[in-house]
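Visitor: Quick one: structure below, then a few questions.
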Amino acid sequence: MPSVRLLSSLLLLLWLLPSCSSSNDDDSPLVAQVYDRELHANDLVGIVPPGLSYEDSIVILDNYVDQWVRQAVILAKAEKNVKQDFARELQEYKNNLLTYAYERQVLDQLLDTAVTEEQIRDYYEEHKGDFLLKSSIVKAVYVVAPAKAPAVAKLKKIVQRGKFEEKDILELEETASRNGFTGYYDADVWIPFRNLQATVPVTAYNEPAFLKQNRHIAFSDDSLFYAVRILSYKVSDEISPLEVQRENIRALILNHRKTEALNKLRSDLLKEAEDGGHVKRIKN
10 MPSVRLLSSL
20 LLLLWLLPSC
30 SSSNDDDSPL
40 VAQVYDRELH
50 ANDLVGIVPP
60 GLSYEDSIVI
70 LDNYVDQWVR
80 QAVILAKAEK
90 NVKQDFAREL
100 QEYKNNLLTY
110 AYERQVLDQL
120 LDTAVTEEQI
130 RDYYEEHKGD
140 FLLKSSIVKA
150 VYVVAPAKAP
160 AVAKLKKIVQ
170 RGKFEEKDIL
180 ELEETASRNG
190 FTGYYDADVW
200 IPFRNLQATV
210 PVTAYNEPAF
220 LKQNRHIAFS
230 DDSLFYAVRI
240 LSYKVSDEIS
250 PLEVQRENIR
260 ALILNHRKTE
270 ALNKLRSDLL
280 KEAEDGGHVK
290 RIKN
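Okay, so the sequence shown: first residue is 10 according to the numbering used here, each after it adds one.
Structure representation (structure tokens):
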């Protein structure tokens, strides 16, 4: 085993040369040994991600060596005491890895990953029944302010207006910004109702009834004032809006294409092999 001084120099060299290729050269300095298993310096090259400090690099290398030692101890005992032959399992695992790597390579070359807005909309229209909400969602804006702030009355007046428009959202935001209040003003984004409740502590035992009856909310607790305007809402078992499902639909379309492409690839490869006389099935 190398001395502490030599090991530190070795680790420094590995830290300075993270991009070097690993080698099976057993002539490189020995870092650790468990029975007849050896860990050499070249085995550590590339373990440390580029850009880390020397101290962080040493921690990563030290942890790696420690884990290697622990695993080597168990493996040494397992080899002596476990008589089961894993040749078949290892071959199947290798076959699966090779198959996966090849199919991924082909898909990377051939799969069309462009999904248009029209395709997303068409899929949504054809499968609306698949997109039922499991919980309520809302479009809302709100402000949270100190309960005794002078601007509280104005905030309350704004959110309680009968006709609430873009100019009202801007006024709400400007009033909050001018007074240093926190708030949320993205009126085009659907958010889970429970997320709103995490900021504005309202209790709704019957969410559909609550949302129908409380389009504007203004109240204070011991220290804070809350002003909320709910612009739109949908409750559980209603159809989820396209905006909410857009990325999910994109993934579904790509997954469908992937499945079709893989099935075609496997079918084409089988036909190619059969047409070439490379497939023989032994019948009893």
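The beta-carbon is built from N, C-alpha and C at its ideal position, and this holds for glycine as well.
What residue does the beta strand (DSSP E) around THR191 start on, and which one ends it?
Guide: Looking at the DSSP string, the run of the beta strand (DSSP E) that includes THR191 is 191 to 193.
Visitor: Could you pull the DSSP bridge partners for SER241 from this structure?
Guide: SER241 is bridged to LYS148.
Visitor: Name the DSSP bridge partner or partners of HIS225?
Guide: Looking at the DSSP assignment, HIS225 forms a beta bridge with ARG238.
Visitor: Per DSSP, what are the beta-bridge partners of ILE291 in this structure?
Guide: According to DSSP, which records beta bridges pairwise, ILE291 is partnered with nothing at all.
Visitor: Do you know offhand how far ALA218's Cα is from GLY171's?
Guide: Distance between the alpha carbons of ALA218 and GLY171: 19 Å.
Visitor: Could you name the residues of the same chain whose beta carbon sits closer than 6 Å to that of ALA213, not counting the 5 residues immediately before and after it, in chain order?
Guide: PHE219.
Visitor: Which of the three DSSP states, helix, strand or coil, is assigned to GLU47?
Guide: Strand.
Visitor: Under three-state DSSP, which class holds PRO59?
Guide: Note: PRO59 maps to coil in three-state DSSP.
Visitor: Which value, in whole angstroms, describes the spacing of the CA atoms of ALA260 and THR122?
Guide: Cα to Cα, ALA260 sits roughly 10 Å from THR122.
Visitor: By Cβ distance, which residues of its chain are closer than 8 Å to LEU271, with the 5 residues on each side in sequence left out?
Guide: Around LEU271: GLU112, LEU116.
Visitor: Alpha helix (DSSP H) containing ASP277: first to last residue?
Guide: Where ASP277 is concerned, the enclosing alpha helix (DSSP H) stretches over 251 to 284.
Visitor: Return the CA-CA distance between ASP246 and GLY285, expressed in angstroms with no decimal places.
Guide: Cα-Cα distance, rounded: 54 Å.
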